[in-house]
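S.K.:
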Amino acid sequence: MLNWILAVPAAAAVAGAAWRARSLSGSGAVAATGVGAVVLAFGGIGAAIILVIFFAASSALSALPGADTRSRRGARQVLANGSVAAAAIAAHAIFPSADMAFLGALAAATADTWATEIGVRFGATPRSILTLRPRPRGASGAVSLVGTLGSVAGALALGATGQLFLELPGCGWGAVALAGFIGALFDSLLGDGLQAVYRCPECGAQPETARHRDCPHRAERLSGVPGLDNDVVNWITTIVGAGSAVALQSLC
Ligand SMILES: [Zn+2]
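Taking our numbering, the leading residue of the sequence shown gets 3, the next gets one more, and so forth.
#1: For Phe16 and Val41, which I take to be in contact (beta-carbon distance under 8 Å), what is that distance rounded to the nearest angstrom?
#2: Counting only runs that start and end within the region 124–182, where is the beta strand (DSSP E) found for 3 or more residues in a row?
#3: Which residues mark the beginning and the end of the beta strand (DSSP E) in which Ala27 is found?
#4: What separation, rounded to the nearest whole angstrom, lies between the Cα atoms of Ala12 and Ala39?
#5: Can you give the Cα-Cα distance for Gly125 and Ile96, rounded to whole angstroms?
#6: Hey, could you find the ends of the beta strand (DSSP E) Val78 is sitting in?
#7: For Ser99, name the three-state secondary structure that DSSP assigns.
#8: Is DSSP giving Val32 helix, strand or coil here?
#9: Taking the alpha-carbon positions, what's the Arg201 to Pro209 distance?
#10: Ser252 to Gly243, Cα distance in whole Å?
#11: Around ligand 1, what residues have a beta-carbon under 7 Å from a heavy atom of it, in chain order?
#12: Identify whether Leu66 lies in helix, strand or coil by the three-state DSSP scheme.
#13: Near Gly195, which residues of its chain fall below 8 Å by C-beta distance, leaving aside the five closest residues on each side in sequence?
#14: If Ala109 and Gly161 are in contact, beta carbons under 8 Å, what's the gap, nearest whole angstrom?
Structure below.
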């Protein structure tokens, strides 16, 4: 109980700072408080530091000049990136290997985010991962060499911080990093092959989810699997990262 009395206000303080910095919407801050409190209460300060580093680095990258990817993250986006990690760390007391799932989920989210933020700014024309045809910058499933290097860097960064703060056994950091890269690769394959593509009839935007920023209307689905929008793909990506990290560590 003492854990929660400390964890909830601490998480709310960090989420509140992110809301003031315009990184989170109101609903995003509430969801981030929930994710942060679970991670701090069940995983301790080391796990919470890793979560904050992931979030701060992703927000800092999206604030870099060169592309307009900065927007307040809502509850759905926060849960897409953080709910699997939170569930894994909550299961850690019963399943000791769940700390690898926590790190693998965050590594996949980090690798995917860094690939996008770095790729749209510094990458050459991206190509479809399935057909290799040129795609618009920032399109789901479009990959570039620089973006892929960004994904490797993000996965390695999460593996290294995991090693530092959670004292992983043996080659655990490498398993986390590789799991993150596998997750991001899976994200690109889903994004290119199955993810829903939307267009808003009112404002003409081509958002990655039906609800989009600065517009009260819902975008219509042009193609792809119904309901499989960018948030759902990101959520599946973190599950792939979590499962990969557990499986890879058993090979260490
Ligand atoms: Zn619109």
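Glycine included, C-beta positions come from ideal geometry on N, C-alpha and C.
M.R.: In short, the structure shows the following:
#1: On the sequence shown, position 14 is the one that residue 16 refers to. On the sequence shown, position 39 is the one that residue 41 refers to. In the sequence on display, residue 16 carries Val and not Phe. With a Cβ gap of about 11 Å, Val16 and Val41 do not count as contacting.
#2: Within the region 124–182, not a single complete beta strand (DSSP E) segment reaches 3 residues in length.
#3: The count along the sequence shown starts at 1 and reaches residue 27 at position 25. As written in the sequence, residue 27 is Ser, which differs from the Ala given in the question. Counting along the chain, Ser27 sits inside no beta strand (DSSP E), nor does DSSP assign it H or E at all.
#4: What you label residue 12 is simply residue 10 of the sequence shown in a count that begins at 1. What you label residue 39 is simply residue 37 of the sequence shown in a count that begins at 1. C-alpha separation (whole angstroms): 8 Å.
#5: Position 123 of the sequence shown, counted from the first residue, corresponds to residue 125. Position 94 of the sequence shown, counted from the first residue, corresponds to residue 96. Going from the Cα of Gly125 to the Cα of Ile96 covers about 43 Å.
#6: Position 76 of the sequence shown, counting from 1, holds the residue named residue 78. This sequence places Arg at residue 78; Val is not what is there. That residue, Arg78, is in no beta strand (DSSP E); its alpha helix (DSSP H) goes 77–92.
#7: For the purposes of this step, residue 99 is taken as the residue at position 97 of the sequence shown. It is coil, neither helix nor strand.
#8: As a position in the sequence shown, residue 32 is number 30, starting the count at 1. Three-state DSSP puts Val32 in a helix.
#9: What you label residue 201 is simply residue 199 of the sequence shown in a count that begins at 1. What you label residue 209 is simply residue 207 of the sequence shown in a count that begins at 1. C-alpha separation (whole angstroms): 7 Å.
#10: To locate residue 252, count along the sequence shown from 1; it is residue 250. To locate residue 243, count along the sequence shown from 1; it is residue 241. Our two residues, Ser252 and Gly243, have alpha carbons roughly 14 Å apart in a direct line.
#11: Proximity annotation: ligand 1 has residues Cys202, Glu204, Cys205, Ala207, His214, Cys217, His219, Ala221 in chain order, each selected because its CB is closer than 7 Å to a heavy atom of the ligand.
#12: Along the sequence shown, one-based indexing puts residue 66 at 64. Secondary structure at Leu66: coil, using DSSP grouped into helix, strand and coil.
#13: Residue 195 sits at position 193 when you count from the first residue of the sequence shown. The beta carbon of Gly195 sits closer than 8 Å to the beta carbons of Leu132, Gly143 from its chain, once the five residues preceding and following it are set aside; these are given in chain order.
#14: The residue labelled residue 109 in the question sits at position 107 within the sequence shown. The residue labelled residue 161 in the question sits at position 159 within the sequence shown. Correct: roughly 6 Å between the Cβ atoms.
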